[in-house]
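Here is the structure we will look at.
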Amino acid sequence: MKERIKNIIAEFGISRLIIVGFILFMFALAPVSGNKISTLLSNVANRFAWNGLLVLSMVPMIHSGCGLNFGLPLEIEAGLLGVTIAIEMGFTGNEAFLAALTIATPFAILFGTLYGFLLNKIKGGEMMIATYVGFSAVSLMCIGWVMLPFKNPVIVWGYTGKGLRTMISIENYYYEVLSGFLRFKLFGVTIPTGAILFFALIAFGIWAFLHTKTGTAMTAVGSNPTFAKAAGINIDRIRMLSVILSTWIAAIGIINYQQGFGYVQLYTAPYSMAMPAVAAILLGGASVNKASISNVIIGTILYQAIVTTTPNVINSLINLDISDVIRIIVSNGVILFALTRKIEEPKK
Amino acid sequence: MKNIIEFLKKNIVPIMFIIICSICVPISGFSVTYMINEVMTRLTRNAFLILSLLIPIMAGMGLNFGMTLGAMAGEIAIVLVSDWQIWGIPAIVLACIFSIPISILLGLFCGKMLNMAKSREMVTSYIISFFMNGIYMLLMLYAMGPIIPIKHTSIKLPRGYGIRNTVSMLNNRQCIDNALAFSVGGVKIPVLTLLIIAAMCLFIIWFRKTKLGQDMRAVGQDMEVARSAGIDVEKTRIIAMVISTVMAGFGMVLYVQNLSSFSTYSSHSNVGMFAIAALLVGGASVDKASIGNVFLGVILFHTLFIVAPTVGTKITGDSMVGEYFRVFISYAVITIALIMYEIKKRQQKSNAGKLLAEAQNKEEQ
Amino acid sequence: MNKRRLFFIAGTLLAVVAICVLCFIIGRGHTLYLDNKSIENTSYSSYNAIDLVYKGEKVTTLAARERSSISFTGQSVTITLGIKKSKSSSVEEKTVTFKVPYNMDGIVINLPAYLDGADESVYMSEFVSMAIVDETNVDDEVPVTDEFAIEGAEEEQ
């Protein structure tokens, strides 16, 4: 019996237990501080629905041995291009959502191919280079947002008629198209059913994919490249595929994020999107070379619970707004923790 | 012919920069005196910070993204010294001294962490810099005031605790730059600052020849070989980090006295990024960097930095484009340098593999 | 050897502490506010004019009821005064040295009181900033804690 409990704890990880304990403690404090637990839970559910796909986009690349995908900002740019072009073309309402998804796809494939090609050239150094590829892409697109010939007054600066706005409200487009779908309340907790279903659908797709022949090959490439090579798997092609897949999920992930958040954020906003996603999947129990769908779900919930609950509770208790600082310390602390663990070496 | 191609390949980044600069400078229309003056200012402002990157590279720890930690230490010291109302050169000396213990602590932390993440030093030091930024913000926003006494409202936020977005050192404005300074044809030569930078260069040259410096190079070449030669690899690497962090702290103090103010919550990150980019522009790589790279890098990188906004406005008619362009250039340079380093590493590996295979073949025959 | 090393470290530390103390003393900045004003309910009344010369350079000439300031570092400051007591009297030069308290940022010196030989508590007082009104106006400064503060990345002068 004792052994079994020990095993369960070991499997779940002590660090995660501490975090769960901390979150429970925060929830326990919530009534004292005047926060409703149901509101806090609704927040977490909502945030989970926004961010789930961005975190999910880490999975294929981790599986194929490309490491943590710090290049997420690049992939987000594909989604942003999809949205802005859809709006520019005059789509409105919920059609714009579908149009954005459709238009983002070829961009995702293009960006993913280039990105995958690059990552194949630099095996072993992916993470650092991915970070800077992401940053370069964002700063290049900053120039792009100013220079590209967009005309629609909804997204272009009013007084100059040139260059996109930094924040575009999608109130009249696809705001809450998914989150609002079949939304219901359970004990006062609002569940954004549509968005969660959307996430579940794609997560299931990935899960199913990982169990196909190509999917198992991908896992093999990540966990044991020597074996994969001997088995006649084209490693570069599989890695490329994983990067494209990852890019596509991230591209639709950001569109999904916007439908919940209500704004399209351009220019420098994507810079800060990689860290929370990476931190979330690591928090869920993934490591630099191992990740599963359950890691994504647990991780996103835990991460969002920390960054939304803690500041709320602390703020009402001692009147300090430290949400930013907590977010930075938690997400980077978790990543740091994961990077300083020993990676399980692939068997040779 | 082959040599020329080799040379071009090795120095592709500086050559690209020389070409871009030689196109951009004439377009900007700045006068020669103005350009030299600006480059001189930025050289003295940044060189010390960039020099702090050399020692970890020597120890094989790659580009030290953790130098922002040193910059933070410098900033904390400056905030305190400003609040104590110490002015002039004593303020600079005091800020340097006070930054040392903070830098050493941060350097030890960073070194320990990097020892746990061998072969992933860069990405780890990068994340450490972000993590520490969180701690730094906690300190600056919430601890400064209630825990660490801050008296003056020019530094403190109006809400009663925390540090303002910009801390100015107006009373210390360029006090080191102006000491012993003279002007040649309209160009100000800040002799004392240059002397300090020269002393730093001499220190690095001397340090390379010491026992510790030799050990560091051995560790940088091959950790296992160094270990079997009796070198305490972990300790040597930590020392390299500590030295780098302390130097970065001094560098930050020099940087701020030149600018006479800094933005509390972003200066250190920017300083880190631009220092690394400048070093790479000078032709350094992840595993090899010299003092020459530092100076060439500062001059080329900052020449582009000075002209980019104007050129961007002139070409596109939008002032933000140049601004974004120079940020893009900084990131792109770092990206390219990292990519080239990884490719080179792979080539070396496959070459070694080939040699091994050949040797084995010979044995079999 | 070990003893020598310890001695060396102790010596270095001592030297660093000494430098710190020295910096604290000679680097402490103060602002001296010099008044040429009458003090109410006393016999000290303003002079006709006082010239201020600091470090060989003339700062200003204080007419009656005027104030001027000098910033300096260290614990004492020496100023040369050109005193003209009344319209008819001639200018009399006098070099004076004020020792200032360490914990005061701004010190107000009432020159007529000082020159007429008043007590230190009479002629010297701490400068209190009048910018209290100002403070409520700038109440909305919000710290910018953007991790990637890219815009305006490097300062322009």
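Chains as they are written, first to last, in the working numbering: chain A, 233 to 580; chain B, 36 to 400; chain C, -19 to 137. Idealized CB from N, CA, C, for every residue including glycine.
Legend entry - Beta carbon proximity, ASP99 (chain C) to chain B, threshold 8 Å: For ASP99 (chain C), the answer is no, since every Cβ of chain B falls outside 8 Å of its Cβ.
Inset, instruction - Using a Cβ cut-off of 7 Å, pull out every chain C residue sitting near VAL128 (chain B), in sequence order please. - result: Neighbours of VAL128 (chain B) across chain C, judged by C-beta separation under 7 Å: ILE(-1), CYS3.
Inset, instruction - For PRO225 (chain B), return the contacting residues in chain C, with the cut-off set at a CB-CB distance below 7 Å. - result: Here the premise fails: no neighbours, minimum Cβ distance about 15 Å.
Inset, instruction - Measure from the C-beta of GLY188 (chain A) to each C-beta in chain B and report whether the shortest distance is under 8 Å. - result: No answer is possible for residue 188 (chain A): the residues shown for chain A start at 233 and end at 580.
Inset, instruction - Using a Cβ cut-off of 8 Å (strictly closer), state whether ASN81 (chain B) contacts chain C. - result: Chain C, which has no Cβ nearer than 8 Å to the Cβ of ASN81 (chain B), makes this no.
Inset, instruction - Indicate the three-state DSSP secondary structure (helix, strand or coil) for ASP257 (chain B) in the structure shown. - result: In the three-state reduction of the DSSP assignment, ASP257 (chain B) falls in the coil class.
Inset, instruction - Could you name the residues of chain C that ASN206 (chain B) contacts, counting a contact when the two beta carbons are closer than 9 Å? - result: Result: GLY9, SER51, THR53.
Inset, instruction - Check each candidate in B:LEU390, B:ASN386, B:VAL202, B:VAL321 and name the one with the smallest Cα separation from MET360 (chain A). - result: That would be B:VAL321, whose Cα lies nearest to the Cα of MET360 (chain A).
Inset, instruction - State yes or no: is the C-beta of ALA427 (chain A) nearer than 7 Å to some heavy atom of the ligand HEM? - result: Looking for the ligand HEM in the displayed structure turns up nothing, as the structure carries no ligands at all.
Legend entry - Beta carbon proximity, GLY317 (chain B) to chain D, threshold 8 Å: Of the chains in the structure shown, none is chain D; the protein chains are A, B and C.
Inset, instruction - Give the residues of chain C in contact with PRO181 (chain B), contact being defined as C-beta atoms less than 7 Å apart. - result: Simply none; closest approach about 15 Å.
Inset, instruction - Kindly say whether GLN120 (chain B), judged by its beta-carbon, lies nearer than 8 Å to any beta-carbon of chain C. - result: Cβ-Cβ to chain C under 8 Å: yes for GLN120 (chain B).
Legend entry - Spatially closest choice to LEU335 (chain B) from B:PHE42, B:ASN38, B:LYS37, B:ARG77, by CA coordinates: Comparing Cα-Cα distances from LEU335 (chain B) to each of B:PHE42, B:ASN38, B:LYS37, B:ARG77, the minimum goes to B:ARG77.
Inset, instruction - Grab the span of the beta strand (DSSP E) containing PRO495 (chain A) for me, first residue to last. - result: Correcting the residue type first, residue 495 (chain A) is Tyr in the shown sequence and not Pro. Element bounds for TYR495 (chain A): 495 to 497.
Inset, instruction - Identify the continuous alpha helix (DSSP H) that holds GLY347 (chain B) and give its terminal residues. - result: Where GLY347 (chain B) is concerned, the enclosing alpha helix (DSSP H) stretches over 326 to 351.
Inset, instruction - Apply the 10 Å Cβ neighbour rule to GLU115 (chain C) and answer buried if 16 or more other Cβ atoms are within range, or exposed otherwise. - result: With a pLDDT of only 45 at GLU115 (chain C), under 50, the local geometry of the prediction cannot be trusted, and no value is derived from it.
Legend entry - Close-in-space but distant-in-sequence residues of the same chain around GLY485 (chain A) (CB under 6 Å, 5 per side omitted): Closer than 6 Å at Cβ, skipping near neighbours: LEU285, LEU286, SER289.
Inset, instruction - Evaluate the contact criterion for the stretch 474 to 491 of chain A versus the stretch 311 to 322 of chain A: three or more CB pairs, one atom per stretch, below 8 Å. - result: Yes: at least three Cβ pairs fall under 8 Å.
Inset, instruction - Flag ASP126 (chain C) as yes if its beta-carbon sits less than 8 Å from any beta-carbon of chain B, otherwise no. - result: Any reading at ASP126 (chain C) needs caution, since the residue's pLDDT is 47, under 50, leaving its predicted position unreliable; the model's value is listed next. It does: the Cβ of ASP126 (chain C) has a partner Cβ on chain B nearer than 8 Å.
Legend entry - DSSP beta-bridge partners of LYS191 (chain B): According to the DSSP secondary-structure assignment, LYS191 (chain B) is paired through a beta bridge with B:ILE198.
Inset, instruction - Return the first residue and the last residue of the beta strand (DSSP E) that ASP31 (chain C) is part of. - result: ASP31 (chain C): member of the beta strand (DSSP E) spanning 29 to 34, first to last residue.
Legend entry - Same chain, Cβ closer than 7 Å to ASN425 (chain A), neighbours up to 5 away in sequence not counted: Position check: residue 425 (chain A) holds Thr in this sequence, whereas Asn was assumed. Only residues of its own chain outside the window of five on either side were considered, and among them PHE413, LEU414, ARG415, PHE416 have a CB closer than 7 Å to the CB of THR425 (chain A), listed in chain order.
Legend entry - Cutoff 8 Å: PRO184 (chain B) Cβ touching any chain C Cβ: Chain C, which has no Cβ nearer than 8 Å to the Cβ of PRO184 (chain B), makes this no.
Legend entry - Residues of its chain near SER563 (chain A), where Cβ-Cβ distance is below 7 Å and the 5 sequence neighbours each way are ignored: Result list for SER563 (chain A): MET507, PRO508, ALA511, in chain order.
Inset, instruction - On a CA-only basis, which of C:SER25, C:MET104, C:LEU32 is nearest GLU72 (chain C)? Give me that one, please. - result: Taking only the C-alpha atoms, the option nearest GLU72 (chain C) is C:LEU32.
Inset, instruction - Using a Cβ cut-off of 8 Å, pull out every chain B residue sitting near GLY437 (chain A), in sequence order please. - result: Near GLY437 (chain A) there are no residues of chain B at all, since even the closest Cβ is about 30 Å away, more than 8 Å.
Inset, instruction - Note down the Cα distance separating ILE112 (chain C) from LEU380 (chain A), rounded to an integer number of angstroms. - result: Legend: pLDDT at ILE112 (chain C) = 47, less than 50; position of this residue unreliable, value from coordinates given subsequently. If I take the Cα positions, the gap works out to 49 Å.
Inset, instruction - Determine the contact status of VAL268 (chain B) and MET287 (chain B), defining contact as a CB-CB distance below 8 Å. - result: Taking the C-beta atoms as reference points, MET287 (chain B) is found no nearer than 8 Å to VAL268 (chain B).
Legend entry - Start-to-end residues for the beta strand (DSSP E) that takes in ILE90 (chain B): ILE90 (chain B): not part of any beta strand (DSSP E); member of the alpha helix (DSSP H) spanning 89 to 93, first to last residue.
Legend entry - Residues of the stretch 335 to 358 of chain A with Cβ closer than 8 Å to any Cβ of chain B, in chain order: Under the 8 Å Cβ criterion, the stretch 335 to 358 of chain A contributes LEU350, LYS353, ILE354, LYS355, GLY356, GLY357.
Legend entry - Other residues of its chain near ALA518 (chain A): CB distance less than 6 Å, five sequence neighbours each side excluded: These residues qualify, in order along the chain: ASN527.
Inset, instruction - Going by CA-CA distance only, name the one from B:GLU156, B:VAL342, B:ARG194, B:ALA312 that's closest to PHE330 (chain B). - result: With distances taken between CA atoms, PHE330 (chain B) lies nearest to B:ALA312 out of B:GLU156, B:VAL342, B:ARG194, B:ALA312.
Legend entry - Extent of the continuous beta strand (DSSP E) to which VAL88 (chain C) belongs: For VAL88 (chain C), the enclosing beta strand (DSSP E) begins and ends at 86 to 90.
Inset, instruction - Spatial neighbours of ASN396 (chain B) within its chain, please: CB distance less than 7 Å, with the 5 preceding and 5 following residues excluded, ordered by chain position. - result: Leaving aside the five residues that flank ASN396 (chain B) on each side, none in its chain has a CB nearer than 7 Å to its CB.
Inset, instruction - Within the stretch 371 to 448 of chain A, note down every full beta strand (DSSP E) run reaching 3 residues or more, in order along the chain. - result: Qualifying beta strand (DSSP E) stretches, in chain order: 399 to 401, 416 to 418, 421 to 423.
Legend entry - Segments of 3+ residues assigned as beta strand (DSSP E) that fall wholly inside the stretch 36 to 93 of chain C: If we require 3 residues or more, the beta strand (DSSP E) runs fully inside the stretch 36 to 93 of chain C come out as 37 to 43, 46 to 53, 56 to 64, 72 to 79, 86 to 90.
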